[in-house]
Amino acid sequence: MNDLVSVEGVQTYLRAQGIETWVFGGWGEELRGLIRPRDHADLDLLYPAPGWDRVDRLDLDWIEGKRFPWKRAFVLEGTVVELFLVERDEDGWYTALQRRVHRWPADTLASRGHLRVASPAALASFRHSYRVDAAA
Numbered sequence: 009m010n011d012l013v014s015v016e017g018v019q020t021y022l023r024a025q026g027i028e029t030w031v032f033g034g035w036g037e038e039l040r041g042l043i044r045p046r047d048h049a050d051l052d053l054l055y056p057a058p059g060w061d062r063v064d065r066l067d068l069d070w071i072e073g074k075r076f077p078w079k080r081a082f083v084l085e086g087t088v089v090e091l092f093l094v095e096r097d098e099d100g101w102y103t104a105l106q107r108r109v110h111r112w113p114a115d116t117l118a119s120r121g122h123l124r125v126a127s128p129a130a131l132a133s134f135r136h137s138y139r140v141d142a143a144a
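To convert, take the position in the sequence shown, counting from 1, and add 8; that gives this note's numbering.
So, in structure tokens, the structure goes:
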């Protein structure tokens, strides 16, 4: 999963199914210039929605071992894609992970256009919280 055409193709496919997503994780960091270009094992996408109903109706090559309340994963044209559910409450955007709730910055989903990428602040906040969790 190492080319931008594949990233765009996955987002375009999902958009055609009514699923709007924002690139994050390693690809998001690379596209925002926060890390140097490198090989990527998968594609992480944020999916803002009240739940998984729309996604779960898709006929995809699901990875059952990565099916959680906060995440779904599938393989599309040889690419492992992980969707992270981003919900909204009175305090803003959040993802209810297994051990904690990650609160996203207000500008997380601010990008528009064909290729949507999570904000630099969102990428940094998630990376920091991931490292804190790993150290615990």
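For glycine and all other residues, C-beta sits at the position ideal for the given N, C-alpha and C.
Inter-residue Cα distance where the pair is residue i and residue j
| i | j | result |
| --- | --- | --- |
| LEU53 | GLU98 | 23 Å |
| VAL94 | ASP115 | 13 Å |
| THR87 | VAL18 | 9 Å |
| LEU84 | SER14 | 10 Å |
| SER133 | ASP67 | 33 Å |
| ARG80 | LEU105 | 12 Å |
| THR20 | LEU39 | 17 Å |
6 Å Cβ shell around residue i - same chain, five flanking residues per side excluded
| i | result |
| --- | --- |
| ASP141 | In this prediction, ASP141 scores a pLDDT of 47, lower than 50, which makes its location untrustworthy; no coordinate-derived value is stated. |
| VAL109 | TYR102 |
Residue environment, residue i, which counts as buried when at least 16 other CB atoms sit within 10 Å
| i | result |
| --- | --- |
| ALA143 | Reliability fails at ALA143, whose pLDDT of 42 lies under 50, so the model's placement of it is uncertain and no value is given. |
| GLU37 | buried |
First and last residue of the uninterrupted beta strand (DSSP E) at residue i
| i | result |
| --- | --- |
| ARG111 | 109-111 |
Proximity winner among the options, relative to residue i (alpha-carbon distances)
| i | options | result |
| --- | --- | --- |
| ARG135 | ARG120, ASP47, ASP50, ILE43 | ILE43 |
| ASP64 | PRO45, HIS48, ILE27 | ILE27 |
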